[in-house]
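*Asks:* Each residue of the sequence shown is one higher than the last, beginning at 331 in the working numbering.
All C-beta atoms, glycine included, are put in the ideal place defined by N, C-alpha and C.
These figures come from a predicted structure and were not determined experimentally.
Structure below; questions to follow.
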Amino acid sequence: MSSPTIPRFSHDTNAEEVGAALRDHGAVIIERLLDTDTCDRLAAELQPWWETTPNGADPFSGLSTRRTGGLLTKCPTSAELVAHPLVLDVVDRTLWPKKTTFQLHLTQSIAIGPGSPAQMLHRDHWCFDFFPFPRDVDVEVSTIWALTDFTEESGATRVVPDSHRTPDERRYDPSESQPATMPRGSVVLYLGSTVHGGGANQSDAVRIGINVDYVLGWLRQEENQYLTYSLDEVRAMPERLQRLLGYEPGAYALGYVDGGRSPMTMLSDDTSEVGAQSFEPR
Ligand SMILES: O=C(O)CCC(=O)C(=O)O
Ligand SMILES: [Fe+2]
């Protein structure tokens, strides 16, 4: 039996077919969703930050890998990735069980230096203290946008297609994974349950990806969005981003301020928004 491959779409695809493939195979690639100008702008905005970002402190983070977080203020163009309509539509169709909303989990650029070994294969939803989620629950969608060409040699993210419905205890050998090869401007999406990891960089150039993850509104975010951006920085952002950061309630009475107000009321003069909808069982 031949091993499954990562489904691939071109930029003119739609959320329905991408979402279906993501749920069926645990990962999808959308090629060239960003144009060259956007990639150039992202790279130019990030350049000064890469230079001052230290390498990771442990093998999982990558001892030759620089992770720069909090991108929405450091790299304003990253807002176009975070709030990309196609990606948000796919995430909205995929995360489950969701009655209310989903939110941003983290933003970071991941620059894997030449000679860096492969990252340990893992499932991103292990961040929830290794809670064994039921197999039909999808709490997290991860995305990695390629800012350099992702080749096997340069350290393309490695993914095990169809691994998302196997039990967490099922461990995979690196030979069972395949590289998410894709040209600059493309994005790979995978579920929190999908086995994957950063590839070994055997080239002489840095491999740069922008990692943007989304999570259900009732879970804690991996990167603390409330402490990453000041209230004044959030007030200056578009409403969609404010909501994605977690300033709308994650569910009824989840994350309120002042006895029941939506945190959105702290961002503008409009104090009318209350908690999320009404408290009715599903
Ligand atoms: O850099 C990559 O390609 C993947 C990184 C990753 O999976 C992680 O850090 O959780
Ligand atoms: Fe990961």
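Can you list every residue whose CB sits closer than 7 angstroms to some heavy atom of ligand 2, going in chain order?
*Replies:* His-452, Asp-454, Ser-472, His-526 and Gly-527
*Asks:* On the DSSP bridge list, what partners appear for Ala-476?
*Replies:* Gly-539
*Asks:* I'd like the list of long-range same chain contacts for Trp-475, defined as Cβ closer than 6 angstroms, with 5 residues on each side in sequence excluded.
*Replies:* Leu-411, Val-517 and Ile-540
*Asks:* May I ask you to check if the CB of Thr-398 is nearer than 8 angstroms to at least one heavy atom of ligand 1?
*Replies:* no
*Asks:* Does ligand 1 have a heavy atom nearer than 8 angstroms to the CB of Thr-487?
*Replies:* yes
*Asks:* Along the alpha helix (DSSP H) that carries Ala-350, what are the first and last residues, could you check?
*Replies:* DSSP places Ala-350 in the uninterrupted alpha helix (DSSP H) bounded by 345 to 355.
*Asks:* Within 8 angstroms: the Cβ of Gly-515 and any heavy atom of ligand 3?
*Replies:* In the structure on display, ligand 3 does not appear, and the ligands it does have are ligand 1 and ligand 2.
*Asks:* Could you compute how far the alpha carbon of Gly-527 sits from the alpha carbon of Val-467?
*Replies:* 21 angstroms
*Asks:* Got a sec, what are the start and stop residues for the alpha helix (DSSP H) Gln-377 sits in?
*Replies:* Looking at the DSSP string, the run of the alpha helix (DSSP H) that includes Gln-377 is 366 to 382.
*Asks:* Could you tell me how far apart the beta carbons of Leu-416 and Ser-408 are, in whole angstroms, since I believe they sit closer than 8 angstroms?
*Replies:* That pair is no contact at about 16 angstroms.
*Asks:* Relative to the alpha-carbon of Pro-504, which residue among Ser-484, Ala-530, Thr-481 and Gly-515 has its alpha-carbon at the smallest distance?
*Replies:* Ala-530
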